[in-house]
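Trainee:
Residue numbers (our numbering), protein chains in the order written: chain H, 1 to 308; chain X, 1 to 309.
#1: Using DSSP bridges, identify the partner residues of residue 270 (chain X).
#2: Can a CB atom of chain H be found closer than 9 Å to the CB of residue 219 (chain X)?
#3: Using a Cβ-Cβ cut-off of 6 Å (strictly less than) and excluding sequence neighbours within five positions of residue 126 (chain X), which residues of its own chain qualify?
#4: Residue range of the beta strand (DSSP E) that residue 199 (chain X) falls in?
#5: Identify every residue that forms a DSSP beta bridge with residue 142 (chain H).
#6: Please state whether DSSP places residue 185 (chain X) in a helix, a strand or coil.
#7: Count the other CB atoms, across all protein chains shown, that sit within 10 Å of the CB of residue 213 (chain X); report buried if there are 16 or more and exposed otherwise.
#8: Check the Cβ of residue 293 (chain X) against every Cβ in chain H and list those closer than 9 Å, keeping chain order.
#9: Within 9 Å of any Cβ in chain H, is that where the Cβ of residue 177 (chain X) sits?
#10: Shortest alpha-carbon distance to residue 248 (chain H) belongs to which of H:294, H:4 and H:216?
#11: Provide the residue span of the alpha helix (DSSP H) that contains residue 34 (chain X), from first to last.
#12: Quick check on residue 56 (chain X): does DSSP put it in helix, strand or coil?
#13: Under the three-state reduction of DSSP, which class applies to residue 6 (chain H): helix, strand or coil?
#14: Helix, strand or coil for residue 42 (chain X) per DSSP?
#15: Name, please, each residue of chain X whose Cβ falls closer than 7 Å to the Cβ of residue 37 (chain H).
#16: Does chain X have any CB closer than 9 Å to the CB of residue 177 (chain H)?
#17: Under 8 Å: do the stretch 2-19 of chain X and the stretch 149-166 of chain H share three or more Cβ pairs, one atom per stretch?
#18: To the nearest angstrom, how far is it from the Cα of residue 119 (chain X) to the Cα of residue 105 (chain X)?
#19: Given that residue 249 (chain X) touches chain H, what residues does it touch there, using C-beta distances under 9 Å?
#20: Please report whether the beta-carbon of residue 4 (chain X) lies at a distance below 9 Å from any beta-carbon of chain H.
#21: Would you please state the rounded distance, in angstroms, between the beta carbons of residue 79 (chain H) and residue 61 (chain H)? I believe it to be under 8 Å.
#22: Taking the DSSP output, what are the residues bridged to residue 117 (chain X)?
#23: Taking only the alpha-carbon atoms, compute the straight-line gap between residue 93 (chain H) and residue 105 (chain H) and give it to the nearest angstrom.
#24: Taking residue 266 (chain X) and residue 243 (chain X) to be in contact with their CB atoms under 8 Å, please state how far apart those CB atoms are, rounded to whole angstroms.
#25: Establish whether the CB of residue 181 (chain X) and some CB of chain H are separated by less than 9 Å.
#26: When the cut-off is 9 Å and only beta carbons count, does residue 123 (chain X) lie next to chain H?
#27: Hey, is the stretch 71-82 of chain X in contact with the stretch 27-38 of chain X, meaning 3+ C-beta pairs nearer than 8 Å?
#28: Would you call residue 310 (chain H) buried or exposed, if buried means 16 or more other Cβ atoms sit within 10 Å of its Cβ?
#29: Enumerated in chain order, which unbroken segments of the beta strand (DSSP E) with a length of 3 residues or greater are wholly contained in the stretch 227-309 of chain X?
#30: Can you tell me which of the three DSSP states residue 299 (chain H) falls into?
#31: Which residue's Cα is closest to the Cα of residue 252 (chain X): X:60, X:217, X:207 and X:84?
#32: If the criterion is Cβ atoms closer than 9 Å, does the pair residue 300 (chain X) and residue 284 (chain X) meet it?
#33: Would you mind reading off the limits of the beta strand (DSSP E) that contains residue 146 (chain X)?
#34: In its own chain, which residues sit with a C-beta less than 8 Å from the C-beta of residue 310 (chain X), not counting the 5 before and 5 after it?
#35: Would residue 251 (chain H) count as contacting chain X if we go by Cβ distances under 9 Å?
#36: What does residue 57 (chain H) pair with, by DSSP beta-bridge criteria?
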């Protein structure tokens, strides 16, 4: 619970909509079956990320698709494979990395459309179900291994994979670790813990692990989901999608609520990316309706690794 | 966001500040390296406690120092020793006790500056790192053993040491970073700041000496720290320092927010003590700047054990 005054509200508009020819109504998927309890979604958009040409990339979880929409709204399928791509981020050389719930961390070569394994196991053990990923400015890749961890089985994990392929587990006690983003100075990692309805912070000691003083940054309330995708703006403010509630909360660096961004469509705003000419437009996946929403923010987004 | 209306703001002013001659230059002690990544503070003030003459004692964690600040704001270095004094409270017989993160519970002779061990270990096992302490009206000492516990390792502890120092009991050992603590008015509950969970817990004290039904009293949000030092007002309301966002929250006895006391300096509002002529002034350590802030409250503080007959 926050004791601070209610934040200022900001409204959204529809930027793009998944065209009908890319929707698969009434189509079974094991991901849909297990996550939406009998409901068969015609799509589930996540992982929005801009490339340097202004194309917005995203994933379509149940159908193993990587989608791309141009600045003028033309959609294309960049890849389709046997997997559940859940998160997507672009490296500074343009190569694309996917947190795939079924397969682990995958690599998509955007020129060939080929998807290959990047890191799918810890030694020989598969991940439980990777959800999202985030690049540090030095190329370290942080990702969450969410699986079905929850309040009764708090064993979700956060990993770091360095450019020279060293894999390190930061924590293994997460309550459904989901979106993640580094603080402005990269000394702290924020992780959305969906089932705890909390955002945790993990201090990153300069000499690496073991990790300690891991704490709760935000105690949220409400919604059938919880914190999902997260991002940062140039001021270090933290953006937290609250899936199931149709709200994105924005907190200042000390945790004081600044803004509440309301969905003009469904309640499943799952993730977001800054874009637009001044990088002040927030593009948000609303996964229930296969829509990309847009909100105009007072601050520009923090530059992603893809653009460094 | 809050289920209650936002509490009323109360402003602070700088009461006094650590004199330049006591500021240390860029010394990276082990405590600093583990707790303040990449930042070398000149001091880190904590543990504010008044004696009966109106002197305010504070500790300086990384440099093992204890200062006494007179009512006219003169700073005196009482001791400098090999330790990390984190909390300080005064016994009603005038003895001064320190919760030392490195060394356990220590006793300080304010006249000679001599620091001696009082309760260094549990049986023969070292503490994780004790943080703060408080006396009840009977002279029992409650203290937190925090170490580097957190959400990943919820193994912090609360101990009670009998008035004669002879018996040490562990009340709870499942806490993600136990920090400040204070008994409620009737002294049948310990309020416990649980920093990494961003919560305040209630630890009921049973007649048989144990506890049961340990629960969450307050859920906070924000700040890169969490609940830190705490104090009680004379009506049983609870004051909670929120380290990392420059606030002290004042809740009534039921936990409804009444006031937000806002730092006019840094964000590290770590601990507090009531003082002033009618005991309605709040003195707060802002540890990043080495400042003692002062705020005027409508409510008086509960009389501390140091001032009881």
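Just so you know, even glycine gets a beta-carbon here, dropped at the ideal spot from N, CA and C.
Computed from a predicted model, the values in this text were never measured in an experiment.
Mentor: Considering the structure as presented:
#1: Your numbering for residue 270 (chain X) matches position 270 in the second chain. Answer by DSSP bridge pairing: none, since residue 270 (chain X) is not bridged.
#2: As a working note, residue 219 (chain X) is residue 219 in the second chain. Answer yes: the Cβ-Cβ gap between residue 219 (chain X) and chain H drops below 9 Å somewhere.
#3: Counting from 1 along the second chain, the entry for residue 126 (chain X) is found at position 126. Answer for residue 126 (chain X): no residue qualifies.
#4: In the second chain, residue 199 (chain X) corresponds to position 199, counting from 1. Taken as a continuous stretch (DSSP letters only), the beta strand (DSSP E) holding residue 199 (chain X) covers 199-204.
#5: Here residue 142 (chain H) corresponds to residue number 142 of the first chain, with the count starting at 1. DSSP, once it has assigned bridges, lists H:134 and H:160 as partnering residue 142 (chain H).
#6: Position 185 of the second chain holds residue 185 (chain X). Looking at residue 185 (chain X) - three-state DSSP - the assignment turns out to be coil, as it is neither helix nor strand.
#7: Locating residue 213 (chain X) in the second chain gives position 213, counting from the first residue. Residue 213 (chain X) should be labelled exposed.
#8: In the second chain, residue 293 (chain X) corresponds to position 293, counting from 1. Within chain H, no residue comes near residue 293 (chain X); the closest Cβ sits about 17 Å away, beyond 9 Å.
#9: Counted from its first residue, the second chain places residue 177 (chain X) at position 177. At least one chain H Cβ lies under 9 Å of residue 177 (chain X).
#10: Reading the first chain from its first residue, position 248 is the one you call residue 248 (chain H). If we check each option's Cα against that of residue 248 (chain H), H:294 comes out closest.
#11: Reading the second chain from its first residue, position 34 is the one you call residue 34 (chain X). That run of the alpha helix (DSSP H) goes 30-35.
#12: The sequence position of residue 56 (chain X) within the second chain is 56, counting from 1. Correct three-state label for residue 56 (chain X): strand.
#13: The sequence position of residue 6 (chain H) within the first chain is 6, counting from 1. Looking at residue 6 (chain H) - three-state DSSP - the assignment turns out to be coil, as it is neither helix nor strand.
#14: Counted from its first residue, the second chain places residue 42 (chain X) at position 42. If DSSP states are grouped into helix, strand and coil, residue 42 (chain X) belongs with coil.
#15: Position 37 of the first chain, counted from the first residue, corresponds to residue 37 (chain H). Chain X residues near residue 37 (chain H): none, gap ~29 Å exceeds 7 Å.
#16: Your numbering for residue 177 (chain H) matches position 177 in the first chain. Judged by the 9 Å Cβ criterion, residue 177 (chain H) is not in contact with chain X.
#17: no
#18: Position 119 of the second chain holds residue 119 (chain X). Position 105 of the second chain holds residue 105 (chain X). Computed Cα separation, rounded: 5 Å.
#19: Residue 249 (chain X) sits at position 249 when you count from the first residue of the second chain. Correct list: 3.
#20: Indexing the second chain from 1 puts residue 4 (chain X) at position 4. Taking Cβ atoms only, chain H reaches closer than 9 Å to residue 4 (chain X), which makes this a yes.
#21: In the first chain, residue 79 (chain H) corresponds to position 79, counting from 1. In the first chain, residue 61 (chain H) corresponds to position 61, counting from 1. The pair is not a contact, with the Cβ atoms about 14 Å apart (cut-off 8 Å).
#22: Against the second chain, residue 117 (chain X) aligns to sequence position 117. X:106, per the DSSP bridge assignment.
#23: Translated into the one-based positions of the first chain, residue 93 (chain H) becomes position 93. Translated into the one-based positions of the first chain, residue 105 (chain H) becomes position 105. Approximately 17 Å, taken between the alpha carbons.
#24: Residue 266 (chain X) sits at position 266 when you count from the first residue of the second chain. Residue 243 (chain X) sits at position 243 when you count from the first residue of the second chain. Contact doesn't hold; Cβ gap of about 10 Å is too wide.
#25: Position 181 of the second chain, counting from 1, holds the residue named residue 181 (chain X). No, its Cβ sits nowhere closer than 9 Å to a Cβ of chain H.
#26: Locating residue 123 (chain X) in the second chain gives position 123, counting from the first residue. Cβ-Cβ to chain H under 9 Å: no for residue 123 (chain X).
#27: no
#28: This structure cannot speak to residue 310 (chain H), because chain H is shown only from 1 to 308.
#29: 238-243, 247-251, 257-262, 269-275, 281-286 and 291-296
#30: Taking the first chain and counting its residues from 1, one reaches residue 299 (chain H) at position 299. Of the three classes helix, strand and coil, the one that applies to residue 299 (chain H) here is coil, per DSSP.
#31: In the second chain, residue 252 (chain X) corresponds to position 252, counting from 1. For the residues X:60, X:217, X:207 and X:84, the minimum Cα distance to residue 252 (chain X) belongs to X:217.
#32: The residue labelled residue 300 (chain X) in the question sits at position 300 within the second chain. The residue labelled residue 284 (chain X) in the question sits at position 284 within the second chain. No.
#33: Within the second chain, residue 146 (chain X) is the residue found at index 146, counting from 1. No beta strand (DSSP E) holds residue 146 (chain X); DSSP gives it neither H nor E.
#34: There is no way to answer for residue 310 (chain X), as the model of chain X reaches only from 1 to 309.
#35: Taking the first chain and counting its residues from 1, the one referred to as residue 251 (chain H) is at position 251. Interface residue, yes.
#36: Within the first chain, numbered from 1, the residue matching residue 57 (chain H) stands at position 57. Residue 57 (chain H) is bridged to H:49 and H:68.
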